[in-house]
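Here our numbering is used: the first residue of the first sequence is 55, the next is one more, and so on.
Just so you know, even glycine gets a beta-carbon here, dropped at the ideal spot from N, CA and C.
Following: one structure in structure tokens, then a few remarks.
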Amino acid sequence: MRNEHLRCRLMSSQTPPSTSSEIPQTPSEYEAQRRKNRDAITALGLQPYGRRTEGLSSVAQAKSAYDPVADEDAAKNGKTPGFVDRRPTTKIAGRVVLSRDNGKLIWMNLRDHTGDIQIAVSQRDVSATEFSLAKLLDLSDVVVAEGRLMKTRTGEITVWCTSLSIGCKSLVPPPAKHEGLTDQEIRYRQRYVDLWANPETLRTFLLRSSIVSRMRQFLVQHGYTEVETPMLQALAGGAAARPFITKMNALNINLYMRIAPELYLKRLLVGGMPKVFEINRNFRNEGLDKQHNPEFTMLEAYHAFGDVETVMNLTESLIRDSAVGIAEQVVGPGAPPVLPFGDLTIDYGRPFERIAYPDLFERAMGYPITNIDRARKDLRERLPQHAAQAEKADPALVINELFEAFAEGLVDHARPTFITDYPAAISPLTRAKPDNPNLADRADLFIAGMEIAPHYTELNDPDVQESRFREQLSALEPGKGAEESTFRTMDHDFIRALKVGMPPAGGMGLGVDRLAMLLTNQRTIRDVVLFPLMRPEE
RNA sequence: GAGGGUGUAGCUCAGUCGGUAGAGCAGCGGCCUUUUAAGCCGCGGGUCCAGGGUUCGAGUCCCUGCGCCCUCACCA
């Protein structure tokens, strides 16, 4: 009953308004003209918003079905009596991207997600109604064309229509046919236009989709279990970042959008799931730039009885497999995983470089990280804008300023590189190396200068974890304290979980958007996020 | 947060020294049965991002604000 009612309402809303007073806003000249054409299509007895259509081929399938022998035969013998036309027929749906009306013969180019193809609508070969429809079509309408596959005199594969119908009327004029849609703002705000008007955009997102599904497949094949943990959390933990705050009415409490799934995934290790991963969104209340969108997709994976080395190997093989998948789609089967990113050519097939933090520091500065006096002096002299840092109590921060300024730049951007052996002092949530308590069992993967994935040997001593939490809380800067202490709270349940006992484990987090940027050669995160965050219109 | 760029027709863009708002495509009317960004003839189309100022006169110069892009900084 209820469905009936809904259906009636839906159907009535599909009926075009008969009076102009029902048109919601003043239409542009273009929209008015298209509404007029739509009404004329309705007047022909056709439904301008189409209906279910079976037996559709993609444009790519149609093109590959073209039969040159049959076409030549038809061209040569088509007019002889008793001729049997063996050219294959096809039925395709696509958006009208070009139209050339020669009077009694209309050429149009249709586009679907696989490409463009030309169709011809001849007055001689379709019904009078269908030919009238063809005359009433506008650029960016979606049509269904059926006919035989042939080549024109100039050699272009064409569907010579025997029937034509409309899938939907477009009331909005398309972007310039030659330039496409170039306005960045409209590309992001109206992605639905960008996707059809710029085939490169659709291609990028199809590639991104294939990366993510192939990653899932890879992880499952390697024995990892995919899980989903809370996105709404009473405590936003697992990373040092500011969360989005939201409110739950029923319980009258504040909740936070998660900044990381880490603490929940570790609880699953406690529960006895040995290898888990999650691919999902994290939310961080920070600024936007080429590498940051407030919501972004993160892969986190944990491996019980593994360590940092275990997950480094996982990341390396996972990224290599992703690159192989992309190379096969972009270049062809068997293509090596070598992909361009801007001016770089990145070979994902070679073993990833591994450089220890202290070694890289010494290579850049000429002295070891233990030479704190020298480091303080360097910071004052070479980075005066960070002079205040030099007076800070913790030497590791001094070292790290210099490291970021001078050492990170030595990493070859074209070569995926793990930086290992970070100072323990700047890695508060990581276990120390078994043979050196001053170094953390942590490795960060950099590609093209971007931080792609951190790896850790996870803390599993509840007492150590609790004291690290406390240190983090007490280290809050006075100015930020009031605000940040509202969401930085001790996660007692997580400590309780560690008391139950978490096996030793390796864990990693991989920025899926950044990996998608690298593999699809897009310079900004906004070009690999379908609907990037924009300031609201108006 | 700082600096730079940009905003003009549905789209892509010109617009000189401050002096009647322009082009191509798209649209409308007409012609055209093998076109390739089809072609030919004709026609219409503007809140020059918004607000203020200077000026006889502002798309143009000045100020303020907003959007987008780029670089840097911050954050991670």
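- Item | Residue burial classification, SER263 (beta-carbon count within 10 angstroms, cutoff 16) | exposed
- Task: Note down, in chain order, each residue of its chain lying with its Cβ closer than 7 Å to the Cβ of VAL213, except the 5 sequence neighbours on either side.
- Result: ALA116, THR144, ILE146, ILE171, ILE173, ALA199, GLY201, LEU203
- Separation of LEU527 from GLY535, as counted between CA atoms: Per-residue confidence for GLY535 stands at a pLDDT of 43, beneath the threshold of 50, marking its modelled position as unreliable; no derived number is given.
- For PRO449, which beta-bridge partners are listed by DSSP? BP columns for PRO449 are empty, so no partner.
- Message: Within a Cβ cutoff of 8 Å, which residues of the same chain sit near GLU142, ignoring the five residues on either side of it in sequence?
- Response: Glu is not the amino acid found at residue 142; the sequence shown has Pro there. So the qualifying residues of the chain are ALA119, TYR120, ASP121, ALA124, ARG202, LEU203.
- Item | 7 Å Cβ shell around SER481 - same chain, five flanking residues per side excluded | ALA494, ARG496
- Should PRO387 go down as buried or exposed, given a rule of 16 or more other Cβ atoms within 10 Å for buried? exposed
- Query: Apart from the five residues on each side of it in sequence, which residues of its chain come closer than 6 Å, Cβ to Cβ, to LEU564?
  - Reply: LEU353, ALA507
- Message: On a Cα-Cα basis, can you pick out the residue from ARG296, ALA290, TYR310, SER267 that is closest to GLU280?
- Response: SER267
- Grouping DSSP H, G and I as helix and E and B as strand, with all else coil, what is PHE585? coil
- Can you tell me whether ILE579 is buried or exposed, with buried defined as 16 or more other CB within 10 angstroms of its CB? buried
- Going by CA-CA distance only, name the one from PRO229, LEU261, ILE265 that's closest to ASP248. PRO229
- Indicate the three-state DSSP secondary structure (helix, strand or coil) for ARG580 in the structure shown. helix
- Item | Rounded C-alpha distance that separates ALA251 from THR574 | 19 Å
- Report all residues from its chain with a CB closer than 7 Å to the CB of ARG436; omit the five preceding and five following residues, and keep chain order. none
- Message: Can you look up ALA459 in the DSSP assignment and give me helix, strand or coil?
- Response: helix
- Message: Nearest by alpha-carbon distance to SER224: which of LEU191, GLY403, LYS231, ARG243 is it?
- Response: LEU191
- Message: To the nearest angstrom, how far is the alpha carbon of ASP515 from that of PHE395?
- Response: 42 Å
- Task: Identify, in the order they occur along the chain, each residue of the same chain with its Cβ nearer than 7 Å to the Cβ of ASN91, setting aside the five sequence neighbours on each side.
- Result: LEU190, ASP192
- Task: Please go through the same chain and pick out, in chain order, the residues whose beta-carbon is closer than 7 Å to the beta-carbon of ALA188, but skip the five residues on each side of it.
- Result: ILE160, VAL175, LEU218
- Query: In the segment 276 to 348, which residue ranges form an unbroken alpha helix (DSSP H) of at least 4 residues, counting only runs that do not cross its ends?
  - Reply: 316 to 325
- Query: First and last residue of the beta strand (DSSP E) that includes PRO394?
  - Reply: 392 to 395
- Task: Would you give the residue range spanned by the beta strand (DSSP E) that GLN101 belongs to?
- Result: GLN101 -> no beta strand (DSSP E), and no H or E assigned at all.
- Query: Given GLN576, which residues of its chain have a CB within under 7 Å of its CB, disregarding the five upstream and five downstream residues?
  - Reply: THR258, VAL582
- Query: Taking just the CA atoms, how far does ARG149 sit from LEU319?
  - Reply: 45 Å
- Task: Let me know the secondary structure DSSP gives PHE137 once reduced to three states.
- Result: coil
- Where LEU414 and ASP475 are concerned, what is the direct C-alpha to C-alpha distance, given to the nearest angstrom? 10 Å
- Query: When burial is assigned at 16 or more other CB atoms within 10 Å of the CB, is GLN101 buried or exposed?
  - Reply: exposed
- Message: I'd like the list of long-range same chain contacts for THR255, defined as Cβ closer than 6 Å, with 5 residues on each side in sequence excluded.
- Response: ASP248, LEU249
- Item | Extent of the continuous beta strand (DSSP E) run through ASP401 | 398 to 401
- For the segment 336 to 346 and the segment 306 to 314, state whether three or more C-beta atom pairs, one from each stretch, are separated by less than 8 Å. yes
- Query: In terms of alpha-carbon separation, which member of ASP343, ALA559, ALA502, LEU584 lies closest to LEU572?
  - Reply: ALA502
- Task: Just tell me which of GLY379, ALA355, ALA377 has its CA closest to the CA of LEU368.
- Result: ALA355
- Message: Going by the DSSP bridge assignment, what does SER111 pair with across the sheet?
- Response: ILE146
- Query: Can you tell me whether DSSP reads SER82 as helix, strand or coil?
  - Reply: coil
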